[in-house]
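Q: Which chain is which? The protein sequence lines are C and R, in order. In case it helps, numbering that gives the first Met the number 0 puts the first sequence at residues 0 to 208. In case it helps, numbering that gives the first Met the number 0 puts the second sequence at residues 0 to 208. Think of the CB as a built atom: it goes at the ideal place given N, C-alpha and C, for glycine as much as any other residue.
2 protein chains.
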Amino acid sequence: MDQEITIDVSGVSGQRGPADHKRRQQILQAADEHFRLYGYRKTTLADIAKAINLSTPYLYKFFDSKQAIGEAICSHCLGTILTEVEQSIAATRSPVEKMRRVFIGLESRGWRLLNEQRKMHDLVSASFEEGWGSLDRFKEAVFQIIRRIVVQGRESGEFERKTPLEETCRTIARMTELFFHPTLLEQAGKSQEEEAVAAANVVIRSLTA
Amino acid sequence: MDQEITIDVSGVSGQRGPADHKRRQQILQAADEHFRLYGYRKTTLADIAKAINLSTPYLYKFFDSKQAIGEAICSHCLGTILTEVEQSIAATRSPVEKMRRVFIGLESRGWRLLNEQRKMHDLVSASFEEGWGSLDRFKEAVFQIIRRIVVQGRESGEFERKTPLEETCRTIARMTELFFHPTLLEQAGKSQEEEAVAAANVVIRSLTA
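#1: Buried or exposed: aspartate 121 (chain C), going by 16 or more other Cβ atoms within 10 Å of its Cβ?
#2: In terms of residues, what are the limits of the alpha helix (DSSP H) holding histidine 75 (chain R)?
#3: Could you give the distance in angstroms between the alpha-carbon of proline 94 (chain R) and the alpha-carbon of glutamine 151 (chain R)?
#4: Any heavy atom of the ligand PLP closer than 7 Å to the CB of glutamate 192 (chain R)?
#5: Give me the Cα-Cα distance between glycine 132 (chain C) and arginine 153 (chain C), rounded to the nearest whole angstrom.
#6: Which of the three DSSP states, helix, strand or coil, is assigned to glycine 16 (chain R)?
#7: Looking at the secondary structure, which residues open and close the alpha helix (DSSP H) in which serine 93 (chain R) lies?
#8: Classify phenylalanine 62 (chain R) as helix, strand or coil using the three-state DSSP reduction.
#9: Using the rule of at least 16 other Cβ atoms within 10 Å of the residue's Cβ for burial, across every protein chain shown, is lysine 97 (chain R) buried or exposed?
#10: Does the beta-carbon distance from valine 201 (chain C) to threonine 207 (chain R) come in below 8 Å?
#11: Who are the Cβ neighbours of cysteine 73 (chain C) in its own chain at under 7 Å, not counting the five residues just before and after it?
#12: DSSP three-state call for lysine 189 (chain R): helix, strand or coil?
#13: Assign glutamate 106 (chain R) to buried or exposed, taking buried as 16 or more other Cβ atoms, counted over all protein chains shown, within 10 Å of its Cβ.
#14: Starting from the beta carbon of glycine 132 (chain R), find every residue of chain C whose beta carbon is closer than 7 Å, and list them in chain order.
#15: Do valine 8 (chain C) and arginine 23 (chain C) come within 8 Å of each other at the CB atom, strictly closer than that value?
#16: Quick check on DSSP: helix, strand or coil for arginine 160 (chain C)?
#17: With 8 Å as the threshold, decide whether the Cβ of threonine 175 (chain C) is near any Cβ in chain R.
#18: State the DSSP-derived secondary structure class of threonine 167 (chain C), mapped to helix, strand or coil.
#19: Scan the stretch 109 to 142 of chain R for residues whose Cβ lies nearer than 9 Å to a Cβ of chain C and list them as they occur along the chain.
#20: Could you check which residue in R:Gly69, R:Ile6, R:Ser190 and R:Gln25 has the C-alpha nearest to that of glutamate 115 (chain R)?
#21: If we cut at 8 Å on Cβ distances, does arginine 204 (chain R) have a partner in chain C?
#22: Would threonine 175 (chain C) and phenylalanine 102 (chain C) qualify as a contact pair, given that the criterion is a beta-carbon distance under 8 Å?
#23: Less than 8 Å separating the beta-carbons of tyrosine 57 (chain C) and alanine 48 (chain C)?
#24: How big is the Cα-Cα spacing for alanine 50 (chain C) and glutamine 25 (chain C)?
#25: Any beta carbon from chain R within less than 8 Å of alanine 172 (chain C)'s own beta carbon?
#26: Taking 8 Å as the CB-CB cut-off, is glutamine 186 (chain C) touching chain R?
#27: Assuming phenylalanine 61 (chain R) and histidine 20 (chain R) form a contact by the criterion Cβ under 8 Å, report the distance between their Cβ atoms to the nearest whole angstrom.
#28: State yes or no: is the beta carbon of valine 201 (chain C) nearer than 8 Å to at least one beta carbon in chain R?
#29: Any beta carbon of chain R sitting closer than 8 Å to that of alanine 67 (chain C)?
#30: Using 10 angstroms around the beta-carbon of aspartate 1 (chain R), count the other beta-carbons present and answer buried if the total reaches 16, otherwise exposed.
#31: With 8 Å as the threshold, decide whether the Cβ of glutamate 166 (chain R) is near any Cβ in chain C.
#32: Is aspartate 63 (chain C) closer than 8 Å to glycine 13 (chain C) when the C-beta atoms are compared?
#33: In angstroms, rounded to a whole number, what distance separates the CA positions of serine 87 (chain C) and valine 141 (chain C)?
Have a look at this one:
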């Protein structure tokens, strides 16, 4: 990770002490490096502390547990994916095209993570297995993106207005999981761009019905 | 398992010798019992052989490996689920209602397996993790069920005919996975009947567009 990047821990559970403390960032940078090199599961709090010449108890001034550090790093990683998806949908005004880009964007980012940053993928995988808060926030953010697109499409008259907004958007959000859930990605073992486009098309047809 | 039940091994890989040999059924019954009691991973070929007073090498006359036995039992288990889904959709003539029952049926059967036959769920889970042939056949069967419903709906004029049949049906089949994939079921940790109905509704709206 670029040392200039600041990891935003607002809303991340298990954090202690002042949010903007430079020690916290130092710990997170060291953790990020260790997770990328050796993986989340194989890294201990002692490894992280040692890397920056701190004592393990000192780390507890900032974080409840290794998981709290993992959640902060995972949140940052998932946040980057969300930012890219947001940028991609901001580049078009069509709600139909935006919806397609959510599916394609999540698929391609998930697949790239698995292939290019396997250890980061494993961290995200742990967040799914253990149901971390970072994952809930990510799923909620995906839902909110989809909700905004559906609302826009309803307002412009391109999308139907008969179905309950919340339920429809929750269901669409669930469908995107087929293309970014770490276990499903691993088991698919290949890029699923075509499948993601096909799923987006089913969703779009249902919205323009 | 009821001792009267015969496990059909046709099409299951890793089988050796005559398909209808009563020894094969005896081995499968013993394996089924062991898998249910101790789980697939913890059962060895030697355990199965010992239970029916056979030697482990003798088992290799009928099966390539423990996985070949696992696949046969898994196929049988998934086949039972398919039969129940088939029965449920045969009870209505409406393609819309049939489609809804596929989603609801797979969800409820998957959830019941997780809750009532945890060890069998674990065996199915192993088939997903390791990509067994029994799983491919199950997914293909789900696809064929969906394809039949869509063809029927297109013939009766209830479903649209503009989209490519194969792609649309493959996509719908993928969507059902959200409700029976063992890992997703475990992580959901609750019955998802409402979500399955909502997903079926999105699919149905897209088909009746």
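A: In this structure, then:
#1: Start at 1 with the first residue of the first sequence, and residue 121 (chain C) comes out as number 122. Buried, by the Cβ-count rule.
#2: Here residue 75 (chain R) refers to the residue found at position 76 of the second sequence. 65 to 89 is the span of the alpha helix (DSSP H), which, as asked, contains histidine 75 (chain R).
#3: If you number the second sequence from 1, residue 94 (chain R) lands on position 95. If you number the second sequence from 1, residue 151 (chain R) lands on position 152. For proline 94 (chain R) and glutamine 151 (chain R), the distance between alpha carbons rounds to 7 Å.
#4: Ligands displayed in this structure: none; no statement on the ligand PLP is therefore possible.
#5: The sequence position of residue 132 (chain C) within the first sequence is 133, counting from 1. The sequence position of residue 153 (chain C) within the first sequence is 154, counting from 1. For glycine 132 (chain C) and arginine 153 (chain C), the distance between alpha carbons rounds to 31 Å.
#6: Translated into the one-based positions of the second sequence, residue 16 (chain R) becomes position 17. Three-state result, glycine 16 (chain R): coil.
#7: On the second sequence, position 94 is the one that residue 93 (chain R) refers to. Run containing serine 93 (chain R): none; DSSP gives neither H nor E here.
#8: Numbered from 1 along the second sequence, position 63 holds the residue referred to as residue 62 (chain R). In the structure shown, phenylalanine 62 (chain R) sits in a strand (DSSP, three-state: E or B).
#9: Position 98 of the second sequence, counting from 1, holds the residue named residue 97 (chain R). It counts as buried.
#10: Translated into positions along the first sequence, residue 201 (chain C) becomes position 202. Translated into positions along the second sequence, residue 207 (chain R) becomes position 208. For valine 201 (chain C) and threonine 207 (chain R), no; Cβs fall outside 8 Å.
#11: Stepping through the first sequence from its first residue, residue 73 (chain C) is reached at position 74. The residues are Leu122, Val123, Ser126, Trp131 and Ser133.
#12: In the second sequence, residue 189 (chain R) corresponds to position 190, counting from 1. Correct three-state label for lysine 189 (chain R): coil.
#13: In the second sequence, counting from the first residue as 1, residue 106 (chain R) sits at position 107. Glutamate 106 (chain R) is buried by the Cβ-count criterion.
#14: What you label residue 132 (chain R) is simply residue 133 of the second sequence in a count that begins at 1. Correct list: empty, because the minimum Cβ distance to chain C is about 14 Å.
#15: Here residue 23 (chain C) corresponds to residue number 24 of the first sequence, with the count starting at 1. Here residue 8 (chain C) corresponds to residue number 9 of the first sequence, with the count starting at 1. In contact: arginine 23 (chain C) and valine 8 (chain C) (Cβ atoms closer than 8 Å).
#16: Locating residue 160 (chain C) in the first sequence gives position 161, where the first residue counts as 1. Arginine 160 (chain C): coil per DSSP, three-state reduction.
#17: Here the question's residue 175 (chain C) lines up with position 176 in the first sequence. It does not: the Cβ of threonine 175 (chain C) has no partner Cβ on chain R nearer than 8 Å.
#18: On the first sequence, position 168 is the one that residue 167 (chain C) refers to. The answer is helix: DSSP assigns threonine 167 (chain C) an H, G or I state.
#19: Phe127, Glu128 and Gly130
#20: Taking the first residue of the second sequence as position 1, residue 115 (chain R) is located at position 116. The option with the nearest alpha carbon to glutamate 115 (chain R) is R:Ser190.
#21: Reading the second sequence from its first residue, position 205 is the one you call residue 204 (chain R). Closer than 8 Å: yes.
#22: Here the question's residue 175 (chain C) lines up with position 176 in the first sequence. Here the question's residue 102 (chain C) lines up with position 103 in the first sequence. The answer is yes: Cβ separation under 8 Å.
#23: Translated into positions along the first sequence, residue 57 (chain C) becomes position 58. Translated into positions along the first sequence, residue 48 (chain C) becomes position 49. In this structure, alanine 48 (chain C) lies closer than 8 Å to tyrosine 57 (chain C) by Cβ.
#24: Taking the first residue of the first sequence as position 1, residue 50 (chain C) is located at position 51. Taking the first residue of the first sequence as position 1, residue 25 (chain C) is located at position 26. Going from the Cα of alanine 50 (chain C) to the Cα of glutamine 25 (chain C) covers about 10 Å.
#25: Here residue 172 (chain C) corresponds to residue number 173 of the first sequence, with the count starting at 1. Not an interface residue.
#26: The residue given as residue 186 (chain C) occupies position 187 in the first sequence. Chain R, which has a Cβ nearer than 8 Å to the Cβ of glutamine 186 (chain C), makes this yes.
#27: Taking the second sequence and counting its residues from 1, one reaches residue 61 (chain R) at position 62. Taking the second sequence and counting its residues from 1, one reaches residue 20 (chain R) at position 21. Contact holds; Cβ gap of about 7 Å.
#28: For the purposes of this step, residue 201 (chain C) is taken as the residue at position 202 of the first sequence. So, interface residue.
#29: Locating residue 67 (chain C) in the first sequence gives position 68, where the first residue counts as 1. It does not; no Cβ of chain R falls within 8 Å.
#30: Counted from its first residue, the second sequence places residue 1 (chain R) at position 2. Here the model assigns aspartate 1 (chain R) a pLDDT of 46, short of 50, so the residue's position is not dependable and the matter cannot be decided.
#31: As a first step, residue 166 (chain R) is located in the second sequence; it is residue number 167 there, counting from the start. With 8 Å as the cut-off, glutamate 166 (chain R) counts as an interface residue toward chain C.
#32: Here residue 13 (chain C) is taken as the residue at index 14 of the first sequence, counted from 1. Here residue 63 (chain C) is taken as the residue at index 64 of the first sequence, counted from 1. Closer than 8 Å, so yes.
#33: Position 88 of the first sequence holds residue 87 (chain C). Position 142 of the first sequence holds residue 141 (chain C). Between serine 87 (chain C) and valine 141 (chain C), the C-alpha separation is close to 14 Å.
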